[in-house]
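To keep things clear, I will list the structure first and then write my remarks on it.
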Amino acid sequence: MFELKQGICYPGSEARICEDAIGYGKNYCFVLDGASCLSGKNIVDPISDSAWMAGKIRDGLCALLDQDDPRPTRQLLRQVVAQVREEYVQVLRSTGSDAPKDSPSAGFALFRQRDGKLEFFGIGDCVGVAKLPDSRDFCALDSNLPRLDNQVLEQMKQIHLRTGASMREAKKACNDLLIQNRCLRNKPGGYWILDLLTDDGICNAREEAWELTEPVCVGAFSDGFSQLTDVFGHYQNYKALFEAMQENDLEEMFQTLCALQNADPDCTAYPRFKHRDDTSALWGIFLPEKQ
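Using the working numbering, read the sequence shown as starting at 3 and increasing by one per residue.
If you want it as structure tokens, here you go:
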């Protein structure tokens, strides 16, 4: 049984719609982080195909998990993504459009209770954290996408230093590189992610399972929330961030993040792609099944 303690999901300052999504029920919790469109070519939703995708996957997966579908998470995701993919492809065909190079994709981190075990399924740069029964700290994150992003951020910094351009202007100059990196999704040497064009990301997700013999505290969050650690250094690492989530109100932590972002509106002191990214986080406790 899962007991949600806290959860937040907010759009970024530059977005009209949130491309993150969270889901939870009696035996699961997860965070989804849709990748923002870089080319401006949305196909299904005039505002954001990624928000549409994240919402569709959230709703489809929650429906299956709420029905206690016993199949492995990998199979459930394949079914849900296939249904969303069919809708996407139908719109492409009806409009005579080709899928853009940066067609929608999403990071994902899920904890689930199944057959007496606590399972984790993660892909992309959403973070999953837990305090396991043997007191081990668990933390999962695919570092490949942040590595690619950091390379672009470094170029942006160099443009800023060389020309005096703002970081926002420097990002525009690096947009082709961002799209080039997006094309590395679900390819060797790139990064793995939920994708409407292929199931390769699902096949390469990180999966873990532990016997659930005592209560286990877990958390999950998008890279917008992890800016408290990754960008601003307000917490030393994800372990410290997870502990803070349990000790503080998530709304207050979000307001702290907003204050840090507002103090650097041009993204110059703390380089990042947006003034404020979509921000989602949750945490709770899984309890063993009663015998």
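Where is the CB? At the ideal position from N, CA and C, for every residue including glycine. Just so it is clear, the structure is predicted and the values come from calculations on it, not from any experiment.
- Distance from the CA of G62 to the CA of Y12, rounded to the nearest whole angstrom, comes to 21 Å.
- Between D225 and A108, the gap from beta carbon to beta carbon reaches 7 Å or more.
- As summarised for the segment 14-88, the continuous alpha helix (DSSP H) elements at least 4 residues long and confined to that stretch are 51-68, given in chain order.
- In the structure shown, L214 adopts coil according to DSSP, grouped into three states.
- Cβ neighbours of S38 within its own chain (closer than 7 Å, five residues either side excluded): E21, S52.
- Per the DSSP secondary-structure output, L180 pairs with nothing in a beta bridge.
- The C-alpha of N183 lies about 24 Å from the C-alpha of L79.
- By the Cβ criterion, the segment 158-169 is in contact with the segment 254-273, since at least three pairs of Cβ atoms, one from each stretch, lie closer than 8 Å.
- At the C-beta level, I181 and D104 come within 7 Å of one another.
- Residue pairing by DSSP places S107 opposite D197 in a beta bridge.
- D139 sits in a strand when the DSSP states are folded into three classes.
- Taking C-alpha positions only, E156 is separated from C128 by approximately 22 Å.
- Taking a cut-off of 8 Å on C-beta distances, the segment 144-151 does not touch the segment 214-223, as fewer than three cross pairs fall below it.
- Around D251, the same chain offers Q8 as residues with beta carbons nearer than 8 Å, after the five sequence neighbours per side are excluded.
- DSSP places V129 inside the beta strand (DSSP E), whose first and last residues are 129-133.
- In the structure shown, the three-state DSSP call for T281 is strand.
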